[in-house]
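Chemist:
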Amino acid sequence: MSGDLCLANARLVLEDRVLHGSVTIEGGVICDITEGDRVPAGARDCDGDLVLPGLVELHTDNVERHIEPRPNVDWPHLPALIAHDAELASTGITTVFDAMRVGSIHGGKGRYIDYARQLADELLAARAGGLFKISHFLHLRAEICSETLLDELATFGTDDRVGIVSLMDHTPGQRQFRDLSVLKQYVAKKRGMDDGEFAAHVDTLLALQQRFGAKHQTGAVVEAQRLGAVLASHDDTTAEQVTVSAQNGVGFAEFPTTVEAAEACRSLGIAIMMGAPNLIRGGSHSGNVAAEDLAKADLLDIVSSDYVPSALLLSAFRLATLWGDLPRAVATVSRNPARAARLDDRGALMIGARGDVIRVQEAGQTPILRGVWSQGKQVS
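Rendered as structure tokens:
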């Protein structure tokens, strides 16, 4: 066998079909795909298991979960980042856009502190030091209802690997939190607010939206262009909101909350992303549209693990059952997110692509991860 790694006697999930054969990675790049069940000397016999491209994650709250495992608990960042990286590798994710909020609110129990620049510096230093198993980019979540959004965005530059800027408008009474009782359950419980404190928090957000909303949205769009990042919308609910997103140059829509918004995205050529937990649970925890309903209506292009990293691989197999098309389902967690993020060197098993691959055994409809390789190096 020539090459650093050969996975043979496998069912290779290509972009348009499943091929029984082998894939060879040399120098971190896929250099050969061969049909047949032959196992060359030195190759790994996959015994008929599936081999997929490594998963590409565009939106995950996981890094924030590691740096703040409980409310107001600030965990040391480097150990948190390393644990986050290892967890993602263990679930088959080989490329991640780490989501970090930019835009802070000072004062009260609803305060949000400025943390993204410091965390990004630590993450980039860890990457430069070779401490990570997988490939990391930044996803800046631009919080429209904040006091300091544009100041925080201005601290990032074109060398910071900012791949995505998403427009996050959490104004109470619209988008994700049309139902204030859902917002209360989400925020008040997490931050220990009583009824009066929650009401004050809602008033603060409404005032911030009125004072800064238009300025912050326009400024965030400009900053995304300056950084060379893909712009994403978040929680679009109406066709009118999707039209504004299209005018802003949005490349993909994170978690549209209604069929109306998803249909508008499709008509305007905006890729549609939904959360894997929504798909696995059978519905949204916020009471918004079910990902499965969008999948059945051909209104789903990309899946994100959101807040459960292990859900990403499982969601692909749920979609494969729903659609009866494994390559199409796998594309929602590999090729499609890679293309949406303008990464043309990964997301598919093809010659010349990065050697990011995973080996999966099927246990009924449940995928069992048997191995993960990033640029041909086994990381899990």
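Here the sequence shown stands for residues 1 to 380, where the numbers follow the working numbering. Even for Gly, the Cβ is constructed at its ideal location relative to N, Cα and C. All values reported here derive from a predicted model rather than from experimental measurement.
#1: Along the chain, where does the beta strand (DSSP E) that runs through Trp373 open and close?
#2: Considering Asp298, what are the terminal residues of the beta strand (DSSP E) in which it resides?
#3: When burial is assigned at 16 or more other CB atoms within 10 Å of the CB, is Val13 buried or exposed?
#4: Would Thr95 and Leu349 be called neighbours here (beta carbons separated by less than 9 Å)?
#5: Among the residues of its own chain, which have a CB less than 7 Å from the CB of Pro69, if the five just before and after it don't count?
#6: On the three-pair Cβ rule with 8 Å, is the stretch 237-252 touching the stretch 260-270?
#7: For Val222, tell me which candidate among Asn248, Glu197, Val242, Asp98 has the shortest Cα-Cα distance.
#8: Whole angstroms is fine: what's the gap from Arg281's alpha carbon to Thr243's?
#9: Going along the chain, which residues of its own chain have a beta-carbon closer than 6 Å to the beta-carbon of Gly219, five neighbours each way excluded?
#10: Looking at the structure shown, is Lys109 part of a helix, part of a strand, or coil, going by DSSP?
#11: Can you give me the start and stop residues for the alpha helix (DSSP H) that Arg127 sits inside?
#12: Quick one: which unbroken alpha helix (DSSP H) runs of 4-plus residues sit fully inside the stretch 32-102? Chain order, please.
#13: Exposed or buried, which one is Lys133 when buried takes at least 16 other CB atoms within 10 Å?
#14: Report yes if the CB atom of Ile144 is closer than 9 Å to the CB atom of Gln217, and no otherwise.
#15: Can you check which of these residues, Ala142, Leu138, Asp235, is closest to Asp160 by C-alpha distance?
#16: May I ask you to check if the CB of Asp293 is nearer than 8 Å to at least one heavy atom of the ligand ADP?
#17: Is the beta carbon of Ser305 closer than 9 Å to that of Pro327?
#18: For Gly371 versus Glu26, is the C-beta spacing smaller than 9 Å?
#19: Unbroken beta strand (DSSP E) runs of length 3 or more, entirely within the stretch 282-340: which are they?
#20: In the DSSP assignment, what are the bridge partners of His20?
#21: Take Val259 and list the residues in its own chain whose beta-carbon comes closer than 8 Å to its own, dropping the five residues that flank it on each side.
#22: Of all the options Glu152, Trp323, Leu19, which has the alpha carbon lying nearest to the alpha carbon of Ala120?
#23: In its own chain, which residues sit with a C-beta less than 7 Å from the C-beta of Ala363, not counting the 5 before and 5 after it?
#24: From what residue to what residue does the beta strand (DSSP E) around Leu268 run?
#25: State the start and end residues of the unbroken alpha helix (DSSP H) segment that holds Arg226.
#26: Strictly by DSSP, which residues pair up with Met168?
#27: Within 10 angstroms of its Cβ, does Leu136 collect 16 or more other Cβ (buried), or is it exposed?
#28: Going by C-alpha to C-alpha distance, which of His77, Arg11, Leu55, Ile82 sits closest to Thr34?
Modeler: In this structure, then:
#1: 366-374
#2: Asp298 -> no beta strand (DSSP E), and no H or E assigned at all.
#3: buried
#4: no
#5: Trp75
#6: yes
#7: Asn248
#8: 30 Å
#9: Leu150
#10: Note that Lys109 scores a pLDDT of 49, beneath 50, so its modelled location is shaky and nothing firm can be said.
#11: 116-128
#12: 62-67, 77-90
#13: buried
#14: yes
#15: Leu138
#16: Of the ligands one can find in the structure shown there are none, so the ligand ADP has no counterpart to examine.
#17: no
#18: no
#19: 302-304
#20: Arg11
#21: Val289, Asp293, Leu294, Ala297, Leu299
#22: Glu152
#23: none
#24: That residue, Leu268, is in no beta strand (DSSP E); it is neither H nor E in DSSP.
#25: 195-227
#26: Glu143
#27: Looking at the sequence provided, one finds His at residue 136 rather than Leu. Counting Cβ neighbours within 10 Å, His136 comes out buried, since at least 16 surround it.
#28: Arg11
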